[in-house]
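A.B. asks: A single structure is presented below for examination.
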Amino acid sequence: DAKTTQPPSMDCAEGRAANLPCNHSTISGNEYVYWYRQIHSQGPQYIIHGLKNNETNEMASLIITEDRKSSTLILPHATLRDTAVYYCIVSRRGGADGLTFGKGTHLIIQP
Amino acid sequence: NAGVTQTPKFQVLKTGQSMTLQCAQDMNHNSMYWYRQDPGMGLRLIYYSASEGTTDKGEVPNGYNVSRLNKREFSLRLESAAPSQTSVYFCASSEHGARYNEQFFGPGTRLTVL
Numbered sequence: 001d002a003k004t005t006q007p008p009s010m011d012c013a014e015g016r017a018a019n020l021p022c023n024h025s026t027i028s029g030n031e032y033v034y035w036y037r038q039i040h041s042q043g044p045q046y047i048i049h050g051l052k053n054n055e056t057n058e059m060a061s062l063i064i065t066e067d068r069k070s071s072t073l074i075l076p077h078a079t080l081r082d083t084a085v086y087y088c089i090v091s092r093r094g095g096a097d098g099l100t101f102g103k104g105t106h107l108i109i110q111p
Numbered sequence: 112n113a114g115v116t117q118t119p120k121f122q123v124l125k126t127g128q129s130m131t132l133q134c135a136q137d138m139n140h141n142s143m144y145w146y147r148q149d150p151g152m153g154l155r156l157i158y159y160s161a162s163e164g165t166t167d168k169g170e171v172p173n174g175y176n177v178s179r180l181n182k183r184e185f186s187l188r189l190e191s192a193a194p195s196q197t198s199v200y201f202c203a204s205s206e207h208g209a210r211y212n213e214q215f216f217g218p219g220t221r222l223t224v225l
């Protein structure tokens with residue numbers, strides 16, 4: 001699975017959109033981009049995934065560049081409960097043989 | 112649905128002691144996983160089981176054994192605990208063969224080895 005690079009930490013004001021970047025320049029054509037988050041040492045929680053097209057669900061939006069070498073997770077209206085570590089993961093089989101977690105981005109939502 | 116449950120929540124061991132961490136899921140998933148998370152780090156895969164009766168090593172299997180007891184349960188055993196195994200242990204499950212294999216995680220077991 002391709003490696004990912006994320007900033008170690010970010011701040012965002014409550015109510016604003018939080019944009020979390022991820023670089024995955026060595027991604028292969030059949031690898032998906034996944035986002036998970038971990039709130040205060042709880043078990044990680046799946047957020048969203050995508051292959052080529054932009055994706056949106058009730059939690060977030062995922063924007064993948066046309067060359068697929070980077071992506072951005074967008075939380076449209078961040079709340080204090082969105083403070084967490086966010087992990088960007090690239091995987092060919094969705095983690096069927098396990099997910100590879102980096103250190104992620106610690107997102108802090110400021111009141 | 113309880114999802115993925117883990118027992119115990121906390122455990123303190125002395126070096127050389129053994130113990131088994133238990134994990135169960137009620138989502139009828141085929142695949143189950145054990146990860147460990149050290150302070151300030153991401154999760155690392157210890158072992159996984161793609162289906163009942165099969166297990167495979169992950170990134171950091173040394174010092175651990177696993178048993179896929181049935182479809183619901185996947186246990187992790189430390190035969191002779193070492194301080195380097197102080198960590199938070201997470202169990203996860205997913206539906207193998209599903210379109211995107213979303214993994215569901217348990218709440219974790221916090222293990223300290225003195």
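Heads up: the sequence lines are chains A and B, in that order. Sequential numbering from 1 applies to the first sequence in the working numbering. Sequential numbering from 112 applies to the second sequence in the working numbering. We put the CB at the ideal spot given by N, CA and C, even for glycine. The model shown is predicted, which means the values in this text are computed figures rather than measured ones.
(1) For a contact defined as C-beta to C-beta under 8 Å, what are the partners of Q6 of chain A on chain D?
(2) On the three-state DSSP scale, how would you describe L225 of chain B?
(3) Any idea if D82 of chain A is buried or exposed, counting beta-carbon neighbours within 10 angstroms, 16 or more meaning buried?
(4) Would you mind stating whether G219 of chain B and G98 of chain A have Cβ atoms separated by less than 8 Å?
(5) I'd like to know whether the C-beta atoms of T118 of chain B and Q133 of chain B end up nearer to each other than 8 Å.
(6) Could you say which of A:Y46, A:A18, A:N30 and A:D11 lies nearest to C88 of chain A if we only look at CA atoms?
(7) Quick one: which residues of the segment 43-54 of chain A get their C-beta closer than 9 Å to a C-beta of chain B? List them in chain order.
(8) Using a Cβ-Cβ cutoff of 7 Å, what residues of the segment 94-108 of chain A are near chain B? List them in chain order.
(9) Does any residue of chain B have a CB that is nearer than 8 Å to the CB of S70 of chain A?
(10) Nearest by alpha-carbon distance to C22 of chain A: which of A:S70, A:E14 and A:I109 is it?
(11) If distances are taken between C-alpha atoms only, which option among A:L75, A:S91, A:G50 and A:R92 comes closest to A84 of chain A?
(12) Counting only beta-carbon separations shorter than 8 Å, does Y86 of chain A have a partner in chain B?
(13) Just checking my contact of P111 of chain A with E14 of chain A at CB under 8 Å: how many whole Å lie between their CB atoms?
(14) Going by beta-carbon coordinates alone, are Q136 of chain B and G114 of chain B separated by less than 8 Å?
C.D. replies: Looking at the atomic coordinates:
(1) Here chain D cannot be found, since the structure's protein chains are A and B.
(2) coil
(3) buried
(4) no
(5) yes
(6) A:Y46
(7) G43, P44, Q45, Y46 and H49
(8) G94, G95, A96, D97, G98, L99, F101, G102, K103 and G104
(9) no
(10) A:S70
(11) A:L75
(12) no
(13) 5 Å between Cβ atoms; contact.
(14) yes
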